[in-house]
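Residue numbers (UniProt numbering): 1 to 346. Just so you know, even glycine gets a beta-carbon here, dropped at the ideal spot from N, CA and C. This report concerns only the one structure given below.
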Ligand SMILES: NC(=O)c1ccc[n+]([C@@H]2O[C@H](COP(=O)([O-])OP(=O)(O)OC[C@H]3O[C@@H](n4cnc5c(N)ncnc54)[C@H](O)[C@@H]3O)[C@@H](O)[C@H]2O)c1
C-alpha cells in the first residue's frame, strides 16, 4: 500500500523539481501544461495577495529531514500538576515519523504515555522509536517504567490500511486512549493551475485520513466503553488565507479538519470522547527550514505578519497537545486551539 502512494508523490515532486529547481522562480513551469493557464500578474494591492510565481511542490521522500527536538524534558524534575501525566495511556500519532508529529509524540512519551508512531514511512518511524526511548531514559534515569514506543505502517488515506494499522496497534498495546492526527501535506500552486490528481490526493490524506483514524479509534473506544481524547492537527490556514503563496486546496482541507473536530466532538460527547483541533501557525520544522533557506524573502514576509515576530518551534506544540490529551482539559471539547504567535489576530 505504501507503494501506491509514495511513487505518486515522488514522481509528481520530481517532475516539478526538475522543471523548477529553485522553489520560487520566475520561469514558467511544466505543471502549467496540465491546465495551460498563464500566471496571473499585476493584481492590485501588494501585501495581501497570493503570488502566482510561487510554486512549491512537495519534495521527494529522500530529501526530507527528520529529527526529534533536543531539549530537556523529564518528568518529576519540578513540581507540576499530576493531571498533566499521560501515564498508562496509549497514544497513536499519525505522521509520527517526522516533523510536528514526531515532536508531539516525544512530548507524549515524556509525559509517560506508550505511543504508536504511525506513518507511511515505517522505516523512519522505526528508527525514531529507539531515539525516543533513549531520550526518555536519558531524561528520566529514575523512572519507574519506560514507555513502550512502536512503529506501524499506514497510508492514512486508505481505509483498509487504516483498519489493519489500528488492529496491529491494539494487538501490540492492548488499547488506544489518545489520537493525534498529524499526517498531512501542503503544496503551492495557484488554484487555476492546481493538478486535479494532486488536489484529490491532498484532500484524501489531510481530510479523509483524519476522518478515517478518528472514526476507527472512536469505534474502538465505544466498544471498550472507555473515555478518550483526540487532537486533530489542523492549521491556521483553516481560518485565514496565507499570503503570498497560493494554497487554496490546503486551506480548504484544514478548514475541513477544524470543523470535523467540532462536529465529531458533538457526536461523541455522550461517549466521553473529546475531539479538539490544534491549529499551528508557521512552525520551523526541518522541512520548513529547508524551504525557507532557499527562499529568504518568503521567510521575511511570513515573519513580518506574525505579531510575536518569529516562527514557532515544533516543541511549542508539546504543551498544548498534552493539555488537550490530558485530564486538564476534561471540559474542553470541540475547540480550535491556535498556536500561531498571534498570526490569526491581525
Ligand atoms: N510545519 C508547519 O509549519 C505546519 C503548520 C500548520 C499545520 N501543519 C500541519 O501539521 C501536520 C504535520 O506537518 P509537518 O510539517 O510535520 O509535515 P512533515 O512532512 O514533516 O511530516 C508529515 C508526516 O506525515 C507522513 N505522511 C504523509 N502522508 C501520509 C499518508 N498518506 N499516510 C501516512 N503518513 C503520511 C509523512 O511521511 C511525514 O512523516 C500536517 O498536517 C500539516 O498540515 C504544519
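Counted within 10 angstroms of its Cβ, other Cβ atoms place residue i as buried (16 or more) or exposed
i	result
residue 237	buried
residue 142	exposed
residue 258	buried
residue 346	exposed
residue 166	buried
residue 137	exposed
residue 115	buried
residue 128	buried
residue 351	Any answer about residue 351 is impossible in this case: the structure gives the chain only from 1 up to 346.
Per-residue DSSP class, three states only, for residue i
i	result
residue 241	coil
residue 87	coil
residue 151	strand
residue 295	coil
residue 204	helix
residue 78	coil
residue 307	coil
residue 283	strand
residue 196	helix
residue 156	coil
residue 326	coil
residue 145	coil
residue 170	helix
residue 332	coil
residue 21	Low per-residue confidence applies at residue 21: pLDDT is 30, beneath 50, and the placement is therefore not dependable, though the value from the model is reported in the following sentence. The answer is coil: DSSP assigns residue 21 none of H, G, I, E or B.
residue 164	helix
residue 29	With a pLDDT of only 42 at residue 29, under the threshold of 50, the placement of this residue in the model should not be trusted; the figure read from the coordinates follows. Three-state result, residue 29: coil.
Distance between beta carbons of residue j and residue i, contact taken as under 8 angstroms
i	j	result
residue 208	residue 157	5 angstroms
residue 244	residue 301	6 angstroms
residue 321	residue 104	5 angstroms
residue 94	residue 118	5 angstroms
residue 187	residue 50	Not confirmed; about 14 angstroms, so no contact.
residue 163	residue 120	Not confirmed; about 16 angstroms, so no contact.
residue 232	residue 99	Residue 232 to residue 99, Cβ: 16 angstroms. No contact.
residue 307	residue 341	6 angstroms
residue 278	residue 317	7 angstroms
residue 334	residue 261	6 angstroms
residue 281	residue 234	At roughly 11 angstroms, the Cβ-Cβ gap does not stay under 8 angstroms, so residue 281 and residue 234 are not in contact.
Any non-hydrogen atom of ligand 1 closer than 8 angstroms to residue i Cβ
i	result
residue 280	yes
residue 124	yes
residue 197	no
residue 411	The chain is shown only over 1 to 346; residue 411 falls outside these bounds and no answer can be derived.
residue 97	yes
residue 184	yes
residue 66	yes
residue 322	no
residue 250	yes
residue 100	yes
residue 155	yes
residue 62	no
residue 240	no
residue 348	Here the chain has residues from 1 to 346 only, and residue 348 is not among them.
residue 293	no
residue 83	no
residue 130	no
residue 209	yes
residue 288	yes
residue 56	no
residue 318	no
Short CB-CB distance (under 9 angstroms) between residue i and chain C
i	result
residue 309	Protein chains in the displayed structure number just one, and chain C is not present.
Segments of 3+ residues assigned as beta strand (DSSP E) that fall wholly inside the region 221-277: The region 221-277 contains these whole beta strand (DSSP E) runs: 228-233.
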